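In the numbering used here, the protein residues as written are 2 to 107.
Written below as structure tokens is the structure these notes are about.
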Ligand code: HEC
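Here's what the structure looks like:
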């Protein structure tokens with residue numbers, strides 16, 4: 002009977018260690034998958050860059066409030082943002098722009 006418990010708790014210990022190591026790995030690997038900057042560059046900087054057809058707009062160009070207004074309004078050059086950006090990407094871009102906005106005190 003004792004042997005069974007020893008074996009069981011030992012296996013459980015091993016399983017826990019493996020789980021911990023594995024989930025750490027997953028978290029570690031999940032991070033680089035979403036790179037807000039790349040989403041912005043691929044979706045917005047195609048036009049909004051020094052060589053692009055639109056103003057050289059970066060998150061730092063506008064203040065947090067200006068970005069909030071822009072995304073709340075949701076209209077871009079007469080078109081709805083949701084018409085050319087999928088919802089998931091839009092949320093990532095919104096967060097990225099607001100977090101990296103120009104400080105409003107400047
Ligand atoms: C197809 C080209 C194109 C793409 C893609 C594009 N824009 Fe624009 N955007 C324009 C043009 C053209 C204007 C109007 C003139 C300007 O600001 O250059 C504009 C204007 C804006 C303005 C207003 C600028 C101001 O001075 O008030 C904001 C903010 C903006 N875009 C954000 C974005 C964001 C965020 C994305 C990505 C989700 C994006 N744009 C994607 C072409 C584009």
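Every residue, glycine too, gets a C-beta built ideally from N, C-alpha and C.
Only a predicted model underlies this, so the values are computations on that prediction, with no experimental measurement involved.
Residue i by DSSP, collapsed to three states: which one?
{"i": "residue 8", "result": "helix"}
{"i": "residue 86", "result": "coil"}
{"i": "residue 64", "result": "strand"}
With a threshold of 7 Å, establish whether the CB of residue i neighbours any heavy atom of the ligand ADP.
{"i": "residue 55", "result": "With respect to the ligand ADP, the structure shown offers nothing to examine, as its ligands consist of the ligand HEC."}
May I have the straight-line CA-CA distance separating residue i from residue j, to the nearest angstrom?
{"i": "residue 54", "j": "residue 88", "result": "24 Å"}
{"i": "residue 48", "j": "residue 10", "result": "60 Å"}
{"i": "residue 100", "j": "residue 51", "result": "22 Å"}
{"i": "residue 57", "j": "residue 34", "result": "26 Å"}
{"i": "residue 68", "j": "residue 12", "result": "53 Å"}
{"i": "residue 60", "j": "residue 38", "result": "10 Å"}
{"i": "residue 45", "j": "residue 70", "result": "17 Å"}
{"i": "residue 92", "j": "residue 7", "result": "50 Å"}
Alpha carbons only, please: which of the options is nearest the one belonging to residue i?
{"i": "residue 104", "options": "64, 59, 40 and 36", "result": "64"}
{"i": "residue 106", "options": "84, 90 and 66", "result": "66"}
If contacts are defined as beta-carbon pairs under 8 Å, then residue i and residue j qualify, I think. What distance do you get, rounded to the angstrom?
{"i": "residue 72", "j": "residue 43", "result": "Actually they are not in contact, since the Cβ atoms of residue 72 and residue 43 sit about 18 Å apart, beyond 8 Å."}
{"i": "residue 40", "j": "residue 84", "result": "Contact doesn't hold; Cβ gap of about 17 Å is too wide."}
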